[in-house]
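Report on the structure given below.
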């Protein structure tokens, strides 16, 4: 299966995704799906906060959500959880023995996804399905062993500590986009740079870090870096957050999932080009801030 995904690339992923869910902002206004009584529809999108690799292939086997069917009576900020649940890597050994909490599986197309194809505003459908009504407390992603990366045109295996890994992400009720009261959507941002640890020459460990965000509750910054051969890296940051982008072949970039506020945009130039910073960039909820073209000099 991995070879099939490598040959066909992102177009196949996007084509397959169309058969699974309503998957993008432009689709939010389309006809509502038929949701049986007593259930809610959940759609998860996958995107990437890039790293300095050529390719990163992740083997995704299963996606589930933990539904609290007694949800309205319970606090989203329950102190049973710690901050590690918020971003991803956490083997859930404690179990879920609460009678109110049930795991429901979502429909996915299992396969090996190139995360670095999902950048600069590109995303793909990860999972969708109807689950029991209630508050969704956690998302659980099961990874297979067929993970790898390509750096400087050389392929390396990407090992986890336990072979097949379960990533558990805590989510709060107010973090979802409500397309309608029973139709929820959420983006999962796989932070490649923080998720891959080089432990020795040619040896890499996968320790996934995943952030959650929604289009309606966050903003975006986009622009273009010239000349195209600058091979720059873009960092959008403030005192509480920082996200990255690697411009595409024509210099275009987009950073999404930013909390409203004021940011700086730092462009780290390559190939001998000088760095530059754009300050006081305002990000508003549900909007995209477009910067004028940034031209680097030597």
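Numbering (the working numbering), first residue to last: 29 to 326.
The C-beta atom is built at its ideal place from N, Cα and C for all residues, glycine as well.
- Separation of the CB atoms of residue 217 and residue 75 is rounded to 5 Å, and the pair is thereby assigned contact status at 8 Å.
- Apart from sequence neighbours up to five positions away, the residues of its chain that approach residue 289 with a beta-carbon distance below 7 Å are 266 and 311, ordered along the chain.
- Here residue 71 carries a strand assignment [DSSP, helix/strand/coil].
- Taking the C-beta atoms as reference points, residue 92 is found nearer than 7 Å to residue 168.
- One Cα belongs to residue 145, the other to residue 178, and the distance between them is close to 13 Å.
- Rounded to the nearest whole angstrom, the CA to CA distance from residue 138 to residue 86 is 10 Å.
- Here residue 297 is not near residue 241, since their CB atoms are 7 Å or more apart.
- Taking C-alpha positions only, residue 249 is separated from residue 228 by approximately 35 Å.
- Here residue 127 has no same chain residue with a Cβ atom under 6 Å from its own Cβ, once five neighbours each way along the sequence are excluded.
- In the DSSP assignment, residue 220 falls within the alpha helix (DSSP H) that extends over 220-223.
- Of the residues 186, 172 and 82, the one whose Cα lies closest to the Cα of residue 147 is 82.
- Your pair residue 291 and residue 264 checks out as a contact, with CB atoms roughly 5 Å apart and the cut at 8 Å.
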